[in-house]
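Using the UniProt record's numbering, you'd call the opening residue of the sequence shown number 1 and step up by one each time.
Take a look at the structure set out below.
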Amino acid sequence: MDVPVTIPRTHKKVIHSRNREYHLFVSIPVEAPPPEGFPVIYLLDANSVFGTMTEAVRAQSRFPERTGVYPSVIVGIGYPTEMPFHIQRHYDFTSPVPLSELPASPDGSAWPEQGGAAYFLDFLEDEVKPMIEKEFPVDPKQQTIFGHSLGGLFVLYALFSRPYSFQNYIAGSPSIHWNERVLLEKERAFTGMLEEKKTIRLFLGLGELEASHPSQLSKKAAEMYERLSLLQDQNVWVTYREFPDESHISVLPVLISQAIRFASKKIGQPQQSV
């Protein structure tokens, strides 16, 4: 008899916000929570990477003293689809800009609706996080947000808009070129929002083969790393990684493996500034 295959200790919630449907994929460790609660990772595009991240944490956190990965609650924000990606991500992860500022569509068709990043950040802050903190033993002082491509763009938007909503920001292959003018304006304002006694950690990671992309994705991410690295005296710590022989999509598994280690490091432990 055939039965569905499921990931242990995971479940899905369906919620609605502003007439949009979201599917929250939640993974809970089997271990007892520490006194302060589990670290929590908020994961964008959950339809494509929730399983990868959940299994990576589940396997590696069995021996944290060897791997540096500790049991964590994973909250994936996904959509009503069985495909890896959903068209609504274009709206949720982007800022409103004139169509003339968007890259050309490869097939000449119109891009999906854009410009809902502010609403999506409100949704995370005002609806998702309070729900998770009420239902599960999570540590509000060890929160991570992970996104890739347009999701990586949104992670940077969140960092520059509300720097202390999370302690760890992981932007994989961020599509900086998509909303570059708006994002750089927010980056410039970001320095005036920093607080002396609070720490922010950012991981920028992408595939080595992305250097040939016409969007200059690698160049723009490296330049952002160089600028933000100057803020160490304001407790902004940035790690930059290019993964050999990986492309825009193939980078995801190795990026996730590095990301969960990064997310497990407690604030105050030695930082990387490579």
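Using N, Cα and C, we set each Cβ at its ideal position, and we do this for glycine too.
In whole angstroms, what is the alpha-carbon distance linking residue i and residue j?
| i | j | result |
| --- | --- | --- |
| residue 67 | residue 61 | 7 Å |
| residue 295 | residue 229 | As shown, the chain starts at 1 and ends at 274. That puts residue 295 outside it, with no answer to give. |
| residue 38 | residue 166 | 14 Å |
| residue 187 | residue 170 | 16 Å |
| residue 123 | residue 17 | 7 Å |
| residue 255 | residue 132 | 25 Å |
| residue 181 | residue 95 | 10 Å |
| residue 34 | residue 140 | 13 Å |
| residue 154 | residue 65 | 32 Å |
| residue 242 | residue 82 | 30 Å |
| residue 106 | residue 84 | 20 Å |
| residue 63 | residue 71 | 10 Å |
| residue 157 | residue 117 | 8 Å |
| residue 251 | residue 244 | 9 Å |
| residue 10 | residue 100 | 42 Å |
| residue 36 | residue 51 | 26 Å |
| residue 226 | residue 13 | 40 Å |
| residue 260 | residue 168 | 11 Å |
Residue i and residue j: beta carbons closer than 9 Å?
| i | j | result |
| --- | --- | --- |
| residue 239 | residue 209 | no |
| residue 207 | residue 175 | no |
| residue 22 | residue 28 | no |
| residue 219 | residue 211 | yes |
| residue 151 | residue 44 | yes |
| residue 30 | residue 138 | no |
| residue 234 | residue 196 | yes |
Considering only C-alpha positions, which residue in the set the options is nearest to residue i?
| i | options | result |
| --- | --- | --- |
| residue 162 | 192, 133, 48, 233 | 192 |
| residue 189 | 213, 215, 204, 160 | 160 |
| residue 26 | 46, 33, 226, 231 | 46 |
| residue 178 | 216, 72, 65, 200 | 216 |
| residue 146 | 31, 74, 243, 219 | 74 |
| residue 143 | 99, 258, 164 | 164 |
Where does residue i fall in DSSP's three states?
| i | result |
| --- | --- |
| residue 274 | Interpretation of residue 274 is limited by its pLDDT of 35, a score under 50 that renders its predicted location unreliable; no figure is taken from the coordinates. |
| residue 156 | helix |
| residue 111 | coil |
| residue 253 | helix |
| residue 47 | helix |
| residue 264 | helix |
| residue 119 | helix |
| residue 205 | strand |
| residue 19 | coil |
| residue 190 | helix |
| residue 269 | Bear in mind that a pLDDT of 49 at residue 269, under 50, signals an unreliable position, so the number given afterwards is only what the model happens to contain. Residue 269 falls in the strand class under three-state DSSP. |
| residue 91 | helix |
| residue 143 | strand |
| residue 176 | helix |
| residue 96 | coil |
| residue 229 | helix |
| residue 37 | coil |
| residue 24 | strand |
| residue 221 | helix |
Q: Evaluate the contact criterion for the segment 249-268 versus the segment 43-59: three or more CB pairs, one atom per stretch, below 8 Å.
A: yes
Q.
I'd like to know if the segment 104-123 and the segment 81-93 are in contact, where contact means that at least 3 CB-CB pairs between them fall below 8 Å.
A. yes
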